[in-house]
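Working notes, beginning with the structure itself.
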Amino acid sequence: MALLIDIGITGWMEESDLAAQVLASMPDADVRISTDMGNPEDITMAAVVSLNSDRTAQLPNLQLVQKLGAGVETIVNHPALADHVRVTRLKPDAPAREIAEWFLAYVLRAQRHLSEHAASQSNAAWEPIEPRYTPDTVVGVLGLGHIGSRSAGMLRDIGFKVKGWSRSPKTIEGVDCLHGYDALPAMLGECDFVCAILPSTEDTRGLFDRALLSKMKPGSHLLNAGRGDLIDEAALMVALDNGPLEHAILDVVSQEPLPADNPLWAHPKVTITPHVSGWHLGEALKDVAENFRRLSTGETLLHEVDRARGY
Numbered sequence: 055m056a057l058l059i060d061i062g063i064t065g066w067m068e069e070s071d072l073a074a075q076v077l078a079s080m081p082d083a084d085v086r087i088s089t090d091m092g093n094p095e096d097i098t099m100a101a102v103v104s105l106n107s108d109r110t111a112q113l114p115n116l117q118l119v120q121k122l123g124a125g126v127e128t129i130v131n132h133p134a135l136a137d138h139v140r141v142t143r144l145k146p147d148a149p150a151r152e153i154a155e156w157f158l159a160y161v162l163r164a165q166r167h168l169s170e171h172a173a174s175q176s177n178a179a180w181e182p183i184e185p186r187y188t189p190d191t192v193v194g195v196l197g198l199g200h201i202g203s204r205s206a207g208m209l210r211d212i213g214f215k216v217k218g219w220s221r222s223p224k225t226i227e228g229v230d231c232l233h234g235y236d237a238l239p240a241m242l243g244e245c246d247f248v249c250a251i252l253p254s255t256e257d258t259r260g261l262f263d264r265a266l267l268s269k270m271k272p273g274s275h276l277l278n279a280g281r282g283d284l285i286d287e288a289a290l291m292v293a294l295d296n297g298p299l300e301h302a303i304l305d306v307v308s309q310e311p312l313p314a315d316n317p318l319w320a321h322p323k324v325t326i327t328p329h330v331s332g333w334h335l336g337e338a339l340k341d342v343a344e345n346f347r348r349l350s351t352g353e354t355l356l357h358e359v360d361r362a363r364g365y
């Protein structure tokens, strides 16, 4: 049995570094990287960010795909992934904290008018602007799983009024938790900031269409660090140009990397970050090693995905 580290994207960590971290937890394991795969018949588990289109055909004995992160929609929907291959994801604290920090950073940027003050400085203009008052500011968090709960808690602890929304009932101390689609439009109408960290499922793809965007509070900000297909980007442009939306901060978009000619780049009410809100895995690579061990012994896997549900 061998574990293949096959990130499948560029611009992130090196496969050799990840392999070294896994080996630190399991020194005797057979851990390989995509540029030195050896005999592909040995590989029973692959740890990936993105599953390459032709990889499954090269691994006849693959039993498990481990996502190096949370979102698994591209893996469970991979047309070449055999039905018997299991899928697991990570639930690391490090990127959950980082994504919560990303939300907080951009909420505070608007809360304290940092962009306006930077513009004033460039013009050598002394222009005081009253900041929003945090206890009166409502922040909504869409998706109350591992990452969303961490984000809601961080925003709550700063002093914002936090509302949470999820598909099924959740309880978070100090957070007004709502659930079900019927509760969403009214909630959006109350939020000054909406922080989305939803997975990509049949229920969430295109969720923010023209109708739902029209329900948002006038002057509100939409932040998305979940999945790019959550938002109908053409409808988003309309909501930014004509209201009610004031600004969109997007760490994820429908096509990544975002093409240079995409109008989102140049829109004055859009801020783009290149899918960097959650970067580090921290201690989570120990779970990759543990799942490799459990796969070999037949024990219950950590964070296994229901492929039928997609998460």
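Read in this note's numbering, the sequence shown has 347 at position 293, and its numbers run on one by one without any break. All residues carry an ideal CB built from backbone N, CA and C; glycine is no exception.
- Annotation: the continuous beta strand (DSSP E) that includes V216 extends over 215-220.
- Our two residues, F157 and L277, have alpha carbons roughly 7 Å apart in a direct line.
- Excluding its 5 nearest sequence neighbours in each direction, N316 has no C-beta neighbour in its own chain below 6 Å.
- Taken atom to atom, the span from the alpha-carbon of W180 to that of E310 is near 40 Å.
- In the DSSP annotation of this structure, the continuous segment of the beta strand (DSSP E) that includes Q120 starts and ends at 118-121.
- By the 16-neighbour rule on beta-carbons within 10 angstroms, Q165 is buried.
- The count of Cβ pairs closer than 8 Å, one atom from the segment 232-243 and one from the segment 202-215, stays below three, leaving the stretches out of contact.
- Contact between A293 and L261 is ruled out by a C-beta separation of about 13 Å, above the 8 Å threshold.
- For I285, there is no enclosing beta strand (DSSP E), since its DSSP letter is neither H nor E.
- The C-beta distance from L335 to P146 rounds to 5 Å, short enough to fall under 8 Å.
- Per DSSP, G364 lies in no beta strand (DSSP E) segment and is marked neither H nor E.
- About 4 Å separates the beta carbons of A250 and L196, which is inside the 8 Å limit, making them a contact pair.
- Per DSSP, the beta-bridge partners of G194 are K217, V248.
- Considered as a whole, the segment 141-198 harbours 192-196 as its complete beta strand (DSSP E) runs of no fewer than 3 residues, in chain order.
- Secondary structure at A320: coil, using DSSP grouped into helix, strand and coil.
- With a cutoff of 8 Å on beta-carbon distance, S220 and L198 are scored as near each other.
- When only Cα atoms are considered, R109 and G123 end up about 19 Å apart.
- Excluding its 5 nearest sequence neighbours in each direction, D82 has no C-beta neighbour in its own chain below 8 Å.
- For N278, the enclosing beta strand (DSSP E) begins and ends at 274-278.
- Around the beta carbon of S254, 16 or more other beta carbons sit within 10 angstroms, so the residue counts as buried.
- Here M99 carries a strand assignment [DSSP, helix/strand/coil].
- Around I201, the same chain offers A124, A150, I153, I251 as residues with beta carbons nearer than 7 Å, after the five sequence neighbours per side are excluded.
- With contact defined as three or more Cβ pairs closer than 8 Å, the segment 321-332 and the segment 341-358 are not in contact.
- Straight-line measurement puts the Cα of I285 at about 7 Å from the Cα of D263.
- In the displayed model, T89 falls within coil according to three-state DSSP, outside both helix and strand.
- By alpha-carbon distance to V248, the top candidate from P272, R259, E256 is P272.
- Counting along the chain, L238 sits inside the alpha helix (DSSP H) bounded by residues 238-242.
- Counting C-beta atoms within 10 angstroms of its own C-beta, H301 has 16 or more neighbours from the protein chains shown and is therefore classed as buried.
- Its chain contains I226 as the residues whose beta carbon lies nearer than 7 Å to that of S203, once the 5 sequence neighbours on both sides are disregarded; these appear in chain order.
- Per DSSP, the continuous beta strand (DSSP E) segment holding A56 begins and ends at 56-59.
- Spatial neighbours of S308 in its own chain (CB-CB distance under 7 Å, excluding positions within 5 residues in sequence) are listed in chain order as G282, D283, E287.
- For H329, there is no enclosing beta strand (DSSP E), as DSSP marks it with neither H nor E.
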